[in-house]
Every structure is written in structure tokens, then in C-alpha cells.
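Position in the sequence shown (from 1) plus 9 gives the number in the numbering used here. Every residue, glycine too, gets a C-beta built ideally from N, C-alpha and C. Everything on this sheet refers to the single structure shown next.
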Amino acid sequence: MRILLIAPSYARDRNAGYFPMGIAYISSYIRQYGHEVIPFNMGILDYDQRLATLEEILDHNEIELVGISVMTLGFLECESLIKMIRRLRPDLPIVVGGDITSGEPEAVLAELRPDYGVVGEGEIIFTNLLKALESGYDVSGVKGIWHWCEGELHYTGDGETVSDLDTLPRPDIDLFGIKEYLNIQREFLWRSLRSTYDRKNVLIVFASRSCPFHCTFCYHVGPYKQRSITSVVDEIEDMAHRYQIYSFDIYDDLFAVKKERIHEFCNQLQQRRLDIDWTIQMRVNPFVDQETLTLMKETGCRELFFGVESGSDTILKSMRKGITTKQIAKAMEMTRKAKIGCLGAFLLGDPAETEETLEESLKFQQDNEMYFSQWSPIVPYPGSQIWMHLCREKLHTPEAKINFIRKICNPNRYFWNDQVNLTRMSDEKYWEMYVFLRELNDINYRKQKAILLGGQQASPYYSKMQLACPSCMQEVEHTIVYPAECAHDGNLNLDAVIGVQGVNIVCMNCRREMHVAAKDIPHVRKVYNAFQHSVDALKMENREVVVIPALDRYKHVFFEDIDMDGLNVAAVLDSRTKAIGREFMGTEVSELNQENVKRYADCAFLVLPWVEYMKAVSLCEQQGVSSYLSWNRLFAPDYGLL
Numbered sequence: 010m011r012i013l014l015i016a017p018s019y020a021r022d023r024n025a026g027y028f029p030m031g032i033a034y035i036s037s038y039i040r041q042y043g044h045e046v047i048p049f050n051m052g053i054l055d056y057d058q059r060l061a062t063l064e065e066i067l068d069h070n071e072i073e074l075v076g077i078s079v080m081t082l083g084f085l086e087c088e089s090l091i092k093m094i095r096r097l098r099p100d101l102p103i104v105v106g107g108d109i110t111s112g113e114p115e116a117v118l119a120e121l122r123p124d125y126g127v128v129g130e131g132e133i134i135f136t137n138l139l140k141a142l143e144s145g146y147d148v149s150g151v152k153g154i155w156h157w158c159e160g161e162l163h164y165t166g167d168g169e170t171v172s173d174l175d176t177l178p179r180p181d182i183d184l185f186g187i188k189e190y191l192n193i194q195r196e197f198l199w200r201s202l203r204s205t206y207d208r209k210n211v212l213i214v215f216a217s218r219s220c221p222f223h224c225t226f227c228y229h230v231g232p233y234k235q236r237s238i239t240s241v242v243d244e245i246e247d248m249a250h251r252y253q254i255y256s257f258d259i260y261d262d263l264f265a266v267k268k269e270r271i272h273e274f275c276n277q278l279q280q281r282r283l284d285i286d287w288t289i290q291m292r293v294n295p296f297v298d299q300e301t302l303t304l305m306k307e308t309g310c311r312e313l314f315f316g317v318e319s320g321s322d323t324i325l326k327s328m329r330k331g332i333t334t335k336q337i338a339k340a341m342e343m344t345r346k347a348k349i350g351c352l353g354a355f356l357l358g359d360p361a362e363t364e365e366t367l368e369e370s371l372k373f374q375q376d377n378e379m380y381f382s383q384w385s386p387i388v389p390y391p392g393s394q395i396w397m398h399l400c401r402e403k404l405h406t407p408e409a410k411i412n413f414i415r416k417i418c419n420p421n422r423y424f425w426n427d428q429v430n431l432t433r434m435s436d437e438k439y440w441e442m443y444v445f446l447r448e449l450n451d452i453n454y455r456k457q458k459a460i461l462l463g464g465q466q467a468s469p470y471y472s473k474m475q476l477a478c479p480s481c482m483q484e485v486e487h488t489i490v491y492p493a494e495c496a497h498d499g500n501l502n503l504d505a506v507i508g509v510q511g512v513n514i515v516c517m518n519c520r521r522e523m524h525v526a527a528k529d530i531p532h533v534r535k536v537y538n539a540f541q542h543s544v545d546a547l548k549m550e551n552r553e554v555v556v557i558p559a560l561d562r563y564k565h566v567f568f569e570d571i572d573m574d575g576l577n578v579a580a581v582l583d584s585r586t587k588a589i590g591r592e593f594m595g596t597e598v599s600e601l602n603q604e605n606v607k608r609y610a611d612c613a614f615l616v617l618p619w620v621e622y623m624k625a626v627s628l629c630e631q632q633g634v635s636s637y638l639s640w641n642r643l644f645a646p647d648y649g650l651l
């Protein structure tokens, strides 16, 4: 059969944040059985190119079946794809697989309405389904699928999966655009807040599947399985030679549960004299000792990501982590001693969380100098124990579950408008702590600032800076692109928070992170100076000012760098429901709408860094506001400041 395999994107623009290894494995597996694959990796295209490209593929290829592999966060994208395919080619059977069909399959598939859903690891199950369809057999005999029978969904029972991962063919990464993916990595080296400036391209390898542990916020399908180390190193060696790239991210949820596996991996790298660098995710285990970490460093380990999640033993127990804060602190200490980068994250939202447990975590974070370990809310993903808890408490119908899944597909909106509080704190207290913790991320970065030795603007969005690491005093000259999307002549997104966050840089020597504040970057300093000059002029005139929006995430760092004291604030406007009625700059926040903008049209409007910049400016212009100053506007190419 000629099969179109689609990997949806989880970002609007082309991006290197994710490569669809799962569907690349599916592709190579079914091609063994004579099927022809037409690949479509949407992540290597910008948003406005994707649907037109899909239409062209459907028009110019005799497709017989469409397969879509998607995570839960891609629900809306998957829904749009299915509707479009139904409109253009109503004859085509559509099969959906991936995480989306595993956690809450019946409700999801009833809403999306593909012809079939594959549950779990899909290689054998999908191949068996194709065989049945090709031969005209009854699909009810294919284990591991959901299908429609007389208008109702039916599940055929658990299907067969590959027991020995070494028998799988190599994933079809070339077919799904690995070269384009690598080009995007180069193009958007600075697209994220964090930069490892000595690392240009990274290839991805999977060495295992699933996870043997059962943390309450995670969900994995099937048992934990590992490839042999020889198989993994063979693939790494082959890819290094084929692509001339020597950095690898091992994307497993858990690379190893025993020390012997790590030692075998390091020993094989040494024996083959593979000069690579690599990163992995690891559990904080008793076997993480100094000897093992030293060996890992010697064979190229650059960073470890530990599952930290909390600095409270009460919460770690509630999460079923099976580790203690003492073990976490020891692992961090040893990893830093080995000069390996040490990453982790903290989660807010466990049902056992209280103000007291949160204080324990905050103290733990500061005591262990985990300034670059970010705080994020727990998102109840379908299938997880947290999800089950949410369903028992609040999501009692399939419709409620689908509505919630739709909300988490837009994380920014979910975090600021639709979050559910499952903790023991009141909703008001939970929201207060969430806003504080998001702001704390930026406050913490500034506790580990790079030492500024010198710097000068090189071009409109580039500056060359001479820095020293505050941890080891290693000096480096660094070219900083800011805002990040301006690298390689990329377009600046004015509808974003720009010019505030700064950049986190990894020291090549000690692998600790350091922060460069945006205001300290020479070309960005021009914007700060210009904005401050205008604010000072408004103070001198005692002009009535309307401020948009009520900053939360970036309030501390913005007010640290821009002196806003002394402004004559007539009103503060914001479009976010949770912001309205709160106090900001000594003024109660009102709704950002036409009526309120018109009411204050004679005032000067200050539009601070915001993701709804265009909406705010448009309302000002529509209502005849003659005087407004927008932070984002100062970065625009046509403004001429940079």
C-alpha cells in the first residue's frame, strides 16, 4: 500500500524542538513488508506552508491510507488534519496513533473520528492492520486497535509489540527530513532562552522505551524495554560518520536503572574511540556515584537531566518518586564536581502540595543553588494518575474530558486562564504562588550573572560580548543574537514578550549556567535607554498614563531595569480574566476593551512587554489614542533604533 505518514508540529513556526522518531520507526518497519511511505514532517515547515503542502501531496500521489502519529498536545492539529483529509479525499482510511490514543482513547477517538486508532507501540499492530485492510480481512481480529462497528467504537484488546528492540530497523530519519531538521537547528540556534554556544548540531537516539516507575504525573504505555548497548553505540557511530555530527541527545525517559549499563555504554565509547558528546535523562539513584560520573565525563557526557520535581520529601512521596531530597542534593553535588551540566525542574500542583511543602521546596532550591531549575505547573496528561484524580474530582463526562484536552493544547492560555488547582491550597493562594514561581525563574537567573568584561554592538540584533563564568572564572567571547528569532535574518515576532528575559549560557569549562540580562547586551541597552527616557519625560510632565498590561511573570526583572516609580497612573488595563480586579502599580486593573480605551483616550498609553501587543496597539489606534509608547515597537526593524 502507498501510505501517507504525517507527523504534526507542536509549534507554529518550523522548529528543531522535536523530531518525530516514533513515526520514523513505524515507517522503516512497515517498509520491510513492501509498503511505500510518503512522509510528511510538518515541523520542518512554517504554519502557512503546511496545509498547502498536504493538499499538494494528496493531489499528486495515489495515497491509499493516511497514518497520523500525534501526542495529546497535538489534538487540535490532528482534528484539523482529519477534517481537511475528509474534505479533500473522503475515500481515504485514516489511522491515528501515538500518545493521543493511549491515555483517554475512547473519548479522543469518538471526537476525532478517524477510521482506526492504534494503541501503544505501533510497529506490529499497524502492520497487522495494513495486512487486514489489504487482504479484506475483518479488522476486529487485529489486536491493539479501536475501530468502528455499527456506529460505535470497539477495542480489540491489547496488541503485540516488539519484544527485542534490537530487531527493529533503524528509523527513517532521512525520509522524515533529518537534514532539514539539522538546518533548522543551525538557523535557530538562539531560538530558546538557553544557549550552549559550543554546540551547533545535535542528533537524537532512543536507547529504551517506557519507564519502570510510576510517578503520578507521568503515563507510559507498555513495559520498560532497553536496546543493547552495542546496538545503541553502533547507531551513534554510524550517524556520526554519516552526518559528521558528534553531539547526541539520548531521548529516553530513563536511560538506565543499573550502573552496569552506564559503564558498558561509556566503555564502548572509549573502545571505539568515539569523540562525541552526549546528554541523557537519569533517575536520582543510589548507584549515581562519583566514579560513574567521572567516567561519564571522560567519555563525553555533557549534561544530565535529573527528575527532581520537588524539594519536599512529603511531595516526593505523594508523587511516588521513590527518592529523597537528600539523594537529590547528593547527586547534584557529585555531578557538579564531575563538571557535568546538571539540569532539573520543579513542579507545582501535586494534590498533597501546601504552603508549607512549597516553602520546603523553595528553601531546597536556594540551598542547592538550583537557580536554573525552572518551576512549571503540573499538567494533568491523560492516562496519568493526576489525570485520574482530576477526572474523579471534576471531569465526569467525555465532553468535559475533551474540553480539557483542547485547553492544554494551548499551554500559554492554559497556564494563564484555565489551570485547575488540585492542591490543598485555596484557588486564590494557588494562583498567587503560580505567578510568584514563574517570576521566580527570572529572579533566580540573576543570582548567577555572567561577569561582564566588555562588549559592543556588531549589527542590528547582534552584539559581541566578553564574559567570565561566575562559578569558575573561565573567560569567553560570545556573539549574542537578541531577540533570538532575529538570528539568520529571521522575522521578529512583535506579538511576544521580547527584550526582557535575557540569555542563559552554559560555561564550556564547568558546565554551570550563567545569565546575561537583556539590559546588559549592548544593542538591547539602546531600547532600555530610549524607553526610560520616554518614561522620565512623562514623569516630568505629570502626564496621566494608562499602563497595559499588569505585568506578572516579568514584573520583577522589568521594574529592576526600568524605573517606573513616580508615574501618574490613571488606569491599568488587561485582557486576562485573572488579572482584572487585582492591583498593579497601586491601581486596580480594569478590562482591556474598546470602552475603557476610549474613556482614557486623552492619556498617554504605555504598552509593556506582552504577547497581545498587536491587540493593544490596534485598540489604541481604533479609539483615537494620539500618544502611546510600546516597548515591543522599539525593537521593530522599521523603527530604526537598532
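How is the alpha helix (DSSP H) around residue i delimited, first residue to last?
i           : result
residue 31  : 30–40
residue 49  : Counting along the chain, residue 49 falls outside any alpha helix (DSSP H), though it belongs to the beta strand (DSSP E) covering 45–50.
residue 89  : 84–97
residue 439 : 436–454
residue 135 : 132–144
residue 300 : 299–307
residue 623 : 622–631
In chain order, what residues of the same chain lie with their CB nearer than 8 Å to the CB of residue i, ignoring the 5 residues before and after it?
i           : result
residue 36  : 14, 46, 48, 180, 181, 184, 185
residue 565 : 448, 451, 452
residue 281 : 242, 246
residue 251 : none
residue 623 : 503, 504
residue 177 : 34, 37, 38, 132, 171
residue 292 : 222, 263, 266, 315, 316, 332
residue 396 : 112, 113, 228, 389, 390
In terms of DSSP beta bridges, what is residue i paired with?
i           : result
residue 472 : 466, 489
residue 152 : In DSSP, residue 152 forms no bridge with anything.
residue 227 : The partner list for residue 227 (beta bridge, DSSP) is empty, contrary to what the question assumes.
residue 11  : 45
residue 338 : Paired residue(s): none; residue 338 is not in a bridge.
residue 105 : 77, 126
residue 67  : Its beta-bridge partners do not exist; DSSP assigns none.
residue 596 : 593
residue 6   : Residue 6 is absent from the model: the chain starts at 10 and stops at 651.
residue 557 : 616
Less than 6 Å between C-beta atoms, sequence neighbours within five positions excluded: which residues of the same chain meet that for residue i?
i           : result
residue 98  : 67
residue 436 : 430
residue 636 : 613
residue 628 : 606
residue 108 : 80, 81
residue 379 : none
Which whole-angstrom value describes the C-beta separation of residue i and residue j, a residue pair presumed to lie in contact below a C-beta threshold of 8 Å?
i           : j           : result
residue 443 : residue 302 : No, residue 443 and residue 302 are not in contact; Cβ-Cβ is about 34 Å, not under 8 Å.
residue 264 : residue 290 : 6 Å
residue 165 : residue 152 : 5 Å
residue 218 : residue 130 : 7 Å
Taking 7 Å as the limit between beta carbons, can you name the residues of its chain near residue i, skipping five residues before and five after?
i           : result
residue 213 : 28, 30, 258, 260
residue 369 : 320, 321
Looking at the secondary structure, which residues open and close the beta strand (DSSP E) in which residue i lies?
i           : result
residue 125 : 125–127
residue 653 : Absent from the model: residue 653. The displayed extent of the chain is 10 to 651, so no value can be given.
residue 351 : 350–352
residue 110 : Run containing residue 110: none; DSSP gives neither H nor E here.
residue 658 : Lying outside 10 to 651, the shown extent of the chain, residue 658 is not represented and no answer is given.
residue 182 : Run containing residue 182: none; DSSP gives neither H nor E here.
residue 577 : 577–583
residue 9   : What is shown of the chain runs 10 to 651, which leaves residue 9 out entirely.
residue 162 : 161–164
residue 524 : 522–525
residue 639 : 637–639
Would you check if there are 3 or more beta carbon pairs closer than 8 Å linking the region 624–640 to the region 605–615?
Proximity of the region 624–640 to the region 605–615 meets the contact definition, three or more beta-carbon pairs being nearer than 8 Å.
Count Cβ pairs between the region 473–490 and the region 592–600 that sit closer than 8 Å; are there 3 or more?
With the cut-off at 8 Å, the region 473–490 and the region 592–600 do not touch.
Quick one: any contact between the region 464–474 and the region 482–496, if contact means 3 or more CB pairs under 8 Å?
Look at the beta carbons and you see the region 464–474 touching the region 482–496: at least three pairs across the two are nearer than 8 Å.
Counting pairs of Cβ atoms below 8 Å between the region 568–585 and the region 535–555, do you hit three or more?
When C-beta atoms of the region 568–585 are compared with those of the region 535–555, three or more pairs fall below 8 Å, so the two segments count as touching.
Three Cβ pairs or more, each shorter than 8 Å: is that satisfied between the region 398–416 and the region 50–70?
Contact annotation: the region 398–416 does not touch the region 50–70, with fewer than three C-beta pairs closer than 8 Å.
Could you say if the region 217–228 and the region 55–65 meet the contact criterion of at least three C-beta pairs nearer than 8 Å?
Below 8 Å, too few C-beta pairs join the region 217–228 and the region 55–65 to call them touching: fewer than three.
Cβ contact check for the region 422–432 and the region 86–95: 3 or more pairs under 8 Å
Taking a cut-off of 8 Å on C-beta distances, the region 422–432 does not touch the region 86–95, as fewer than three cross pairs fall below it.
Stretch-stretch touch, CB-based, cutoff 8 Å, three pairs: the region 49–58 with the region 16–24:
Yes: at least three Cβ pairs fall under 8 Å.
Decide yes or no for the touch test of the region 533–543 against the region 555–562: beta carbon pairs closer than 8 Å, at least 3 of them.
No, the region 533–543 is not in contact with the region 555–562.
With three or more C-beta pairs closer than 8 Å as the rule, is the region 325–332 touching the region 296–310?
No, the region 296–310 does not touch the region 325–332.
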